[in-house]
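Encoded as structure tokens, the structure appears first; notes follow it.
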Ligand code: DGI
Ligand code: FE
Ligand code: FE
Ligand code: FE
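Numbering (UniProt numbering), first residue to last: 1 to 184.
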């Protein structure tokens, strides 16, 4: 698909506000990739697709995930978690993205996981620190994002898990494993 068509396609699948978030994540991710010697093209592709399933109908998403033998544990957790693996499946099936690192960066952008690749960390960090984000502590995370990726990722996952625990909502095993990996 031509870049211009891809942008149109993305825009059609989400509200304008979300699309602007996607563009800011893309710029942030490309900048991080440049700083850390990672592929700017991969960062761009993963960022553009990361929220492609965000507005997919929950029933459709469940069917897509089931049809691809995704972990049924997902269905016991909030459907907010489903758009990340669903997005990776859509990027592969509908858009022909084959780069596994790109697909995994989409897949793990919400929970993180242990042993993340640089690209996976870049997308997670960019999603959390893009200039439109406004939550208590985001400026501190932006400072971390100027330094080493693992330290920035550590700060981000600590923030996410702390926030989830503060809300007393269930924390998905990948998020916990990510937290344990980075604080160990
Ligand atoms: O899609 P975005 O809004 O750009 O951001 P995201 O995909 O990183 O996060 C979506 C939501 O998922 C966010 O409100 C935090 C939540 N979340 C992340 N990890 C977990 C989680 N929710 C639960 N219940 N458990 C988790 O482990
Ligand atoms: Fe997301
Ligand atoms: Fe995120
Ligand atoms: Fe996002």
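The C-beta atom is built at its ideal place from N, Cα and C for all residues, glycine as well.
Every value quoted in this text rests on a predicted model; they were computed, and no experiment measured them.
Would you kindly work out how many angstroms separate the C-alpha atoms of residue i and residue j, rounded to a whole number?
| i | j | result |
| --- | --- | --- |
| residue 54 | residue 79 | 10 Å |
| residue 117 | residue 102 | 10 Å |
| residue 13 | residue 85 | 16 Å |
| residue 35 | residue 109 | 20 Å |
| residue 179 | residue 154 | 7 Å |
| residue 26 | residue 126 | 8 Å |
| residue 96 | residue 11 | 18 Å |
| residue 100 | residue 112 | 15 Å |
| residue 183 | residue 45 | 29 Å |
| residue 56 | residue 42 | 24 Å |
| residue 152 | residue 38 | 16 Å |
| residue 187 | residue 74 | In the structure as shown, the chain begins at 1 and stops at 184. Residue 187 is therefore absent and cannot be evaluated. |
| residue 71 | residue 171 | 15 Å |
| residue 17 | residue 8 | 14 Å |
| residue 252 | residue 5 | Within the shown structure, residues of the chain are numbered from 1 to 184, placing residue 252 beyond reach of any answer. |
| residue 65 | residue 76 | 13 Å |
Quick one: give me the first and last residue of the alpha helix (DSSP H) that residue i is part of.
| i | result |
| --- | --- |
| residue 21 | 16-35 |
| residue 162 | 149-166 |
| residue 1 | Where residue 1 is concerned, there is no enclosing alpha helix (DSSP H), given that its DSSP letter is neither H nor E. |
| residue 87 | 83-93 |
| residue 63 | 58-67 |
| residue 98 | First-last for residue 98: undefined, no H or E at that position. |
| residue 43 | 40-49 |
| residue 13 | It is not in any alpha helix (DSSP H) - residue 13 carries neither H nor E in the DSSP assignment. |
Would you check whether ligand 6 has a heavy atom nearer than 7 Å to the C-beta of residue i?
| i | result |
| --- | --- |
| residue 19 | Among the ligands modelled here, namely ligand 1, ligand 2, ligand 3 and ligand 4, ligand 6 does not occur. |
* Report yes or no: do three or more beta-carbon pairs, one from the segment 125-140 and one from the segment 17-31, lie closer than 8 Å? => yes
Distance cut 7 Å, beta-carbon to ligand 2 heavy atom: residue list by chain order = 50, 51, 54, 83, 84, 109, 110 and 127
Inspect the CB distances between the segment 88-104 and the segment 30-50 and report whether three or more fall short of 8 Å.
yes
Below 8 Å, can you find three or more Cβ-Cβ pairs linking the segment 167-175 to the segment 120-127?
-> no
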